[in-house]
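Novice:
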Amino acid sequence: MNHIISEETLSGLAKRFLSQDQDLAFAFTGAAGDFSVVGFEARETINAPFEISINLASSDPAIDLHSLIDAPACLGIYNKYDEVRFLHGIVTEVERGDSGIRRTFYSVTLRPSLSRLDHGSDSRIWQTKTVPEIVSEVFKEYSITDVEWRLNGQHAPREYCTQYRETHRGFVERLLSEEGIFYYFEHSESSHKLILTDAPLATPMLPNAGQIQYNSRPGGQNRGSWISAFSQREKLRSSTYEMNDYTFKNPPANQRRNQAAQENNGLQGDYALYDYPGRYKDPRVGGDFTKHRIESVRVDATTGHGQTSNIQLCPGYHFELTGHDDASANGRHRILSVQHSGTQSAALEEDAGEGATTYKASFTTMPGHLPYRAPLAQKPLVDGPQIAHVTGPEGEEIYCDEFGRIKVWFPWDRYGEKNENSSCWIRVSQNWAGGAWGHMAIPRIGHEVIVDYLEGDPDQPIVTGRTYHATNRPPYGLPENKTRMTIKSQTHKGEGYNEFRFEDEAGREEVFMHAQKDHNTIIENNETHQIGNDRAKTVAHDQSESIGNDKTINVKNDHTENIGNDMTYSVGRNQQEKYGKDHVHTVGNIHKQSIYADHLYETGRNYEGSVAGTYKLDVGKTITTNTGTHTLMAFEKFVIKGPGGKIVLDSSGITLEAPKINLKGAVSMGGSGSAQVPTLSMAANEGLPICEECAKKAAEE
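In UniProt numbering, the protein residues as written are 1 to 701.
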């Protein structure tokens, strides 16, 4: 930071001023033009950009102001005691003022190269990067190269980190404060180095062992290293910080973290701050975050305020105060801020009166044994829901993870690729969500969704809705189909759809269902269908039906079934058929019945049968017919066969063929055979064998 002065580094102007019995000299170098320092004011603060306003004089009244802007420059503060303090920066403001007798007055403002980040803002997304990696990328974009990271802790990659409508410096400082990282500067004649550290106690010591003596009445000549005034201030601040958060990946997890202050500077009670959400998902990270919060809250609980002419004080460093009347004030102090001011009348030469070169500084400190943390920067909030488009890998239509989360691209993200890397995994609100039940509809690639943010946090998006637009139109034209409500899905990587639709137009009410392939229904208990009019059902292929118990069908009118091919009935037990009137059974070919036990039938009136061909009846045992009148009629021949003969009735007469014919009972005959009656009658009465053919033949002979 500071250097011992030498002939090579001391500018000629400063050397000339120091030779004029002046204890101090100021010089401005590095920018175009020959300038003398008339005076300056500088403000330096830990974890903030410094600002150095310098009044200059030059013999050149026409210095090109454009050549100064954004160029490096340095203010050197020299004294006779071989001490020098450099304040280096870039010129962010320059002004040409009035001209005197021989000189023109200019003013410039120096700020760190970090201040370039104030002049740019963006909205973009980083994924799976640590905060140091993200910040380094931003620095590189704005040519902030003189940077040193002094990190002791572990900084885990952030799954998703959003810069949303923030200046680059606001974004960087916010991330650093969330991680417990703060910064300060080390100045040299040619550069200012940005130091970033997460070690709140490891700040460096000022040169010369960092000891500065307190002297409230210096008087006379002195080396300008005294602290002439120093006071201590105590403030009431919270002593405990508690935070909590929630992660959907482990809902019941206890995320509460509590951290007490290292010292409570005499508080009479426990003053606790509580905040939710803590913006952490890992309880280990939550412990660090909570510790950082209480440390930042208590930075100004105990502070020191002083004045000095010591030119070496610099924020981020610490020194050892000695010689103070109050022993509690002596010891190690960390410098939080310094305000410098100086005048150099000798630079005006004939354009101003005489006067000594002066320098003074006021400063603020905190106890060196207590940790410093930067205050938590305010995170930007998203004002409301936003539109986004669902993204995923090339060639895919649906892209999600195990939780149904999706990736999206935001129209404000000018760097994001419209693929699987466009965002973090984002949860999707569903109509109903429970343990392995509820509603699930994954937004598909190319769909437009509405994204909201938990607590307005741009790092916690959640999909809350879906919308149509000029490219993705509704399933049915509007407003002509305004009465139609539908759930219509598209076949994945194919042509087709499934749909469940309602039509509410009066007189056209309809519930419509379309299954592109299978339709499966499982009903654990009862199912009831009631149809007020017709029902039509068409099955293009097979239909099967399995009923575990009874089946009842009631048809109040006709029942028609047409079967194009075979029909098979299988009844495990009994089958009953009842017809209130006629039963017509028509068989185009063979009709076969197989009955393995009895076959019983009952006809209330007549029983008629007609056989176009042959009628054959095989009975294994007995045929019994009980009837009032039994008529058997054959149009050509009637044959009765038995084991001992047969009877044939045809157009020629009746023929009985048997080895023996026995007739019992009275025999009455008429016609041409009546002459044989006595003989037959006698044979019948006596039980003798009869041969009708022989008797007839004998009579003829």
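Ideal Cβ placement from N, Cα and C applies to all residues, glycine included.
Please read these numbers as outputs of a predicted model, since none were measured by experiment.
Quickly, what does DSSP pair Val-108 with across the bridge? List them, please.
Specialist: Residue 108 sits at position 108 when you count from the first residue of the sequence shown. Answer is Ile-54 and Val-94.
Novice: Distance check for Glu-133 and His-119, CA to CA, integer angstroms please.
Specialist: The count along the sequence shown starts at 1 and reaches residue 119 at position 119. The count along the sequence shown starts at 1 and reaches residue 133 at position 133. Using only the alpha carbons, I get a separation of about 21 Å.
Novice: Please report the distance separating the alpha-carbon of Glu-561 from that of Val-555.
Specialist: Locating residue 561 in the sequence shown gives position 561, where the first residue counts as 1. Locating residue 555 in the sequence shown gives position 555, where the first residue counts as 1. Roughly 12 Å between the two C-alpha positions.
Novice: Let's see if you can read the secondary structure: which residues bound the beta strand (DSSP E) around Asp-452?
Specialist: Start at 1 with the first residue of the sequence shown, and residue 452 comes out as number 452. Segment 448-453, the beta strand (DSSP E) holding Asp-452.
Novice: Report all residues from its chain with a CB closer than 6 Å to the CB of Tyr-280; omit the five preceding and five following residues, and keep chain order.
Specialist: The residue labelled residue 280 in the question sits at position 280 within the sequence shown. Hits under 6 Å: Asp-245, Gly-286 and Phe-289.
Novice: If the criterion is Cβ atoms closer than 8 Å, does the pair Ser-337 and Thr-364 meet it?
Specialist: Here residue 337 refers to the residue found at position 337 of the sequence shown. Here residue 364 refers to the residue found at position 364 of the sequence shown. Closer than 8 Å, so yes.
Novice: Shortest alpha-carbon distance to Thr-197 belongs to which of Leu-117, Thr-624 and Gly-316?
Specialist: Within the sequence shown, residue 197 is the residue found at index 197, counting from 1. Of the candidates Leu-117, Thr-624 and Gly-316, the one whose C-alpha sits nearest the C-alpha of Thr-197 is Gly-316.
Novice: To the nearest angstrom, how far is the alpha carbon of Arg-43 from that of Asp-60?
Specialist: Locating residue 43 in the sequence shown gives position 43, counting from the first residue. Locating residue 60 in the sequence shown gives position 60, counting from the first residue. Looking at the two C-alpha atoms, the distance is approximately 29 Å.
Novice: Give me the Cα-Cα distance between Gly-446 and Glu-137, rounded to the nearest whole angstrom.
Specialist: If you number the sequence shown from 1, residue 446 lands on position 446. If you number the sequence shown from 1, residue 137 lands on position 137. The straight-line gap from Cα to Cα measures roughly 31 Å.
Novice: Assuming Glu-173 is part of the alpha helix (DSSP H), what are its boundary residues?
Specialist: What you label residue 173 is simply residue 173 of the sequence shown in a count that begins at 1. Taken as a continuous stretch (DSSP letters only), the alpha helix (DSSP H) holding Glu-173 covers 168-178.
Novice: Here's the rule: buried if 16 or more other CB atoms are within 10 angstroms of the residue's CB, otherwise exposed. What is Val-449?
Specialist: In the sequence shown, residue 449 corresponds to position 449, counting from 1. Classification of Val-449: buried, given that the 10 Å Cβ count is 16 or more.
Novice: Can you tell me whether Ser-570 is helix, strand or coil according to DSSP?
Specialist: Counting from 1 along the sequence shown, the entry for residue 570 is found at position 570. In the structure shown, Ser-570 sits in coil (DSSP, three-state: anything other than H, G, I, E or B).
Novice: CA-CA distance, Val-297 and Arg-237?
Specialist: Counting from 1 along the sequence shown, the entry for residue 297 is found at position 297. Counting from 1 along the sequence shown, the entry for residue 237 is found at position 237. Looking at the two C-alpha atoms, the distance is approximately 7 Å.
Novice: At the level of alpha carbons, what is the spacing between Leu-649 and Phe-638?
Specialist: For the purposes of this step, residue 649 is identified with residue 649 of the sequence shown, where counting begins at 1. For the purposes of this step, residue 638 is identified with residue 638 of the sequence shown, where counting begins at 1. Using only the alpha carbons, I get a separation of about 5 Å.
Novice: With distances taken Cα to Cα, identify the nearest neighbour of Asp-542 among Ser-651, Asn-565, His-630 and Gly-494.
Specialist: Locating residue 542 in the sequence shown gives position 542, counting from the first residue. For Asp-542, the nearest C-alpha among the options comes from Asn-565.
Novice: For Ser-652, count neighbouring Cβ atoms within 10 angstroms of its own Cβ and tell me buried if that reaches 16, exposed if not.
Specialist: Against the sequence shown, residue 652 aligns to sequence position 652. Exposed, since its Cβ has fewer than 16 Cβ neighbours within 10 Å.
Novice: Out of Pro-49, Ile-426 and Ala-441, which one is the CA nearest neighbour of Tyr-184?
Specialist: For the purposes of this step, residue 184 is taken as the residue at position 184 of the sequence shown. Checked all of Pro-49, Ile-426 and Ala-441; the closest Cα to Tyr-184 is Pro-49.
Novice: Got a sec, what are the start and stop residues for the alpha helix (DSSP H) Ile-294 sits in?
Specialist: The residue you call residue 294 lines up with position 294 of the sequence shown. 283-297 is the extent of the alpha helix (DSSP H) around Ile-294.
Novice: Taking 7 Å as the limit between beta carbons, can you name the residues of its chain near Tyr-164, skipping five residues before and five after?
Specialist: Mapped onto the sequence shown, residue 164 falls at position 164. The residues are Ser-123, Pro-380, Val-382 and Pro-458.
Novice: For Asp-118, name the three-state secondary structure that DSSP assigns.
Specialist: Against the sequence shown, residue 118 aligns to sequence position 118. Helix, per DSSP.
Novice: I'd like the ranges of any beta strand (DSSP E) spanning at least 3 consecutive residues and lying wholly in the segment 500-566.
Specialist: Listed in chain order, they are 510-514.
Novice: Between which residues of its own chain and residue 724 is the CB-CB distance below 6 Å, once the five residues before and five after are set aside?
Specialist: Outside the displayed range of the chain (1 to 701) lies residue 724, so it cannot be described from this structure.
Novice: Residue range of the beta strand (DSSP E) that Ser-36 falls in?
Specialist: Residue numbering aside, residue 36 sits at position 36 when the sequence shown is read from its first letter. Segment 36-45, the beta strand (DSSP E) holding Ser-36.
Novice: Run through DSSP, which three-state label would Glu-159 get?
Specialist: Here residue 159 is taken as the residue at index 159 of the sequence shown, counted from 1. Glu-159 falls in the coil class under three-state DSSP.
Novice: So is His-492 buried or exposed if we call it buried at 16+ other beta carbons inside 10 Å?
Specialist: For the purposes of this step, residue 492 is taken as the residue at position 492 of the sequence shown. Exposed, since its Cβ has fewer than 16 Cβ neighbours within 10 Å.
Novice: Just to confirm, is the Cβ distance from Leu-56 to Ser-36 under 8 Å?
Specialist: To locate residue 56, count along the sequence shown from 1; it is residue 56. To locate residue 36, count along the sequence shown from 1; it is residue 36. Cβ atoms of Leu-56 and Ser-36: closer than 8 Å.
Novice: What's the C-alpha gap between Ala-361 and Gln-262?
Specialist: Here residue 361 refers to the residue found at position 361 of the sequence shown. Here residue 262 refers to the residue found at position 262 of the sequence shown. Straight-line Cα distance between these residues: approximately 31 Å.
Novice: Would you mind reading off the limits of the beta strand (DSSP E) that contains Ile-181?
Specialist: Numbered from 1 along the sequence shown, position 181 holds the residue referred to as residue 181. Looking at the DSSP string, Ile-181 is not in any beta strand (DSSP E), and its letter there is neither H nor E.
Novice: Name the residue from Phe-40, Val-408 and Gly-395 whose alpha carbon lies nearest to the alpha carbon of Ile-125.
Specialist: For the purposes of this step, residue 125 is taken as residue 125 along the sequence shown, with counting starting at 1. The option with the nearest alpha carbon to Ile-125 is Val-408.
Novice: Are the CB atoms of Ile-90 and Leu-65 within a distance shorter than 8 Å?
Specialist: Counting from one through the sequence shown, the residue named residue 65 turns up at place 65. Counting from one through the sequence shown, the residue named residue 90 turns up at place 90. Cβ atoms of Leu-65 and Ile-90: not closer than 8 Å.
Novice: My assumption, with CB atoms under 8 Å, is that Thr-302 sits in contact with Pro-371. Please give the rounded CB distance.
Specialist: Residue 302 sits at position 302 when you count from the first residue of the sequence shown. Residue 371 sits at position 371 when you count from the first residue of the sequence shown. At roughly 12 Å, the Cβ-Cβ gap does not stay under 8 Å, so Thr-302 and Pro-371 are not in contact.
Novice: Provide the residue span of the beta strand (DSSP E) that contains Glu-320, from first to last.
Specialist: Taking the first residue of the sequence shown as 1, we reach residue 320 at position 320. Run containing Glu-320: 318-322, per the beta strand (DSSP E) assignment.
Novice: Which whole-angstrom value describes the C-beta separation of Gly-306 and Ile-227, a residue pair presumed to lie in contact below a C-beta threshold of 8 Å?
Specialist: Stepping through the sequence shown from its first residue, residue 306 is reached at position 306. Stepping through the sequence shown from its first residue, residue 227 is reached at position 227. 5 Å between Cβ atoms; contact.
Novice: When the Cα atoms are used, what is the spatial distance from Ala-609 to Asp-534?
Specialist: The residue you call residue 609 lines up with position 609 of the sequence shown. The residue you call residue 534 lines up with position 534 of the sequence shown. Checking the displayed sequence, the identity of residue 609 turns out to be Gly instead of Ala. Whole-angstrom Cα-Cα distance: 39 Å.
Novice: To the nearest angstrom, how far is the alpha carbon of Gly-395 from that of Leu-273?
Specialist: To locate residue 395, count along the sequence shown from 1; it is residue 395. To locate residue 273, count along the sequence shown from 1; it is residue 273. Straight-line Cα distance between these residues: approximately 51 Å.
Novice: By the DSSP assignment, the alpha helix (DSSP H) with Ser-136 in it spans what residues?
Specialist: Against the sequence shown, residue 136 aligns to sequence position 136. From DSSP, the alpha helix (DSSP H) with Ser-136 extends over 131-141.
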